[in-house]
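Notes for the one structure printed next.
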Amino acid sequence: MPGERCLFCAIATGEHPAHVVLADGVAAAFLDTRPVFKGHVLVVPLTHVETLADLPVPMVGPFFERVRAVAAAVESGLAAAGTFVAANNRVSQSVPHLHVHVVPRNRKDGLRGFFWPRTRYDDPAEAETYARRVREALGPAPPAS
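Okay, so the sequence shown: first residue is 1 according to full-length UniProt numbering, each after it adds one.
The structure is reproduced here in structure tokens:
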């Protein structure tokens, strides 16, 4: 991104604050500031790439291992019935850095199709509570690939 620092790169390197649930040599995962449901996590590769097609092939497996682990942790850590996992490429991509949404889901939670109503955390302490629950469910960090 010529002339400006990518927000997600800044979060991944700790230069910008976020409620981080995972950070290793492959990816960073942190709470979305405008979650669909509380506990909504974004998983980003540490390498700055704009879209999934731009992610180097050797990074696809390690990156999606982290997405898989975060999805499982969101379910178990937040007692969710399941998750919705999705990525936009360019269209509807608010930050031009590949990111995968991991959204906690429960039956009759009101999410319909691709209409994503957004909410907010009551305060930073509430957000940190959700982040802590997901971090604890993740357990030890996977080895960097």
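C-beta atoms are modelled at their ideal positions from N, C-alpha and C, and glycine is treated no differently.
No experiment lies behind these values; they were computed from the predicted model shown.
Query raised in the report: Along the chain, where does the beta strand (DSSP E) that runs through PHE37 open and close?
Result: Unbroken run through PHE37: none, as it is neither H nor E.
Query raised in the report: Out of curiosity, what's the CA-to-CA distance linking VAL60 and GLY39?
Result: 24 Å
**Report entry** Beta-ladder partner(s) of GLY139, from DSSP
**Finding:** Answer is none; GLY139 lacks a bridge partner.
Query raised in the report: Can you name, in chain order, every residue of its own chain whose Cβ lies under 8 Å from the Cβ of ARG107, other than the five neighbours on each side?
Result: ALA81
**Report entry** Those residues which DSSP pairs with ARG107 across a bridge
**Finding:** None, per the DSSP bridge assignment.
Requested in this report: Using alpha carbons as the reference points, say which of THR119, GLU75 and CYS9 lies closest to ARG133.
Outcome: GLU75
Report task. Would you kindly work out how many angstroms separate the C-alpha atoms of ARG118 and THR83, rounded to a whole number? Result -> 16 Å
Query raised in the report: Quick one, which of SER94, VAL26, CYS9 and PHE30 has its alpha-carbon nearest ALA18's?
Result: PHE30
Query raised in the report: Where DSSP assigns a beta bridge to LEU31, which residues make up the other side?
Result: VAL41
Requested in this report: Taking 7 Å as the cut-off, decide whether the C-beta atoms of CYS6 and HIS101 are in contact.
Outcome: no
**Report entry** C-beta contact flag for ALA71 and VAL85 at 7 Å
**Finding:** yes
Report task. Work out the CA separation of GLY14 and VAL103 for me, nearest whole Å. Result -> 23 Å
Query raised in the report: Helix or strand or just coil, what does DSSP make of MET1?
Result: Note that MET1 has pLDDT 43, beneath the 50 cutoff, so the model's placement of it is unreliable and no number is given.
Requested in this report: Over the uninterrupted alpha helix (DSSP H) stretch that includes residue 149, give me the two end residues.
Outcome: The chain is shown from 1 up to 145; residue 149 falls before or after that span and cannot be answered.
Requested in this report: Out of ARG34, ALA27, ALA69 and PRO140, state which residue places its alpha-carbon closest to the alpha-carbon of THR47.
Outcome: ALA27
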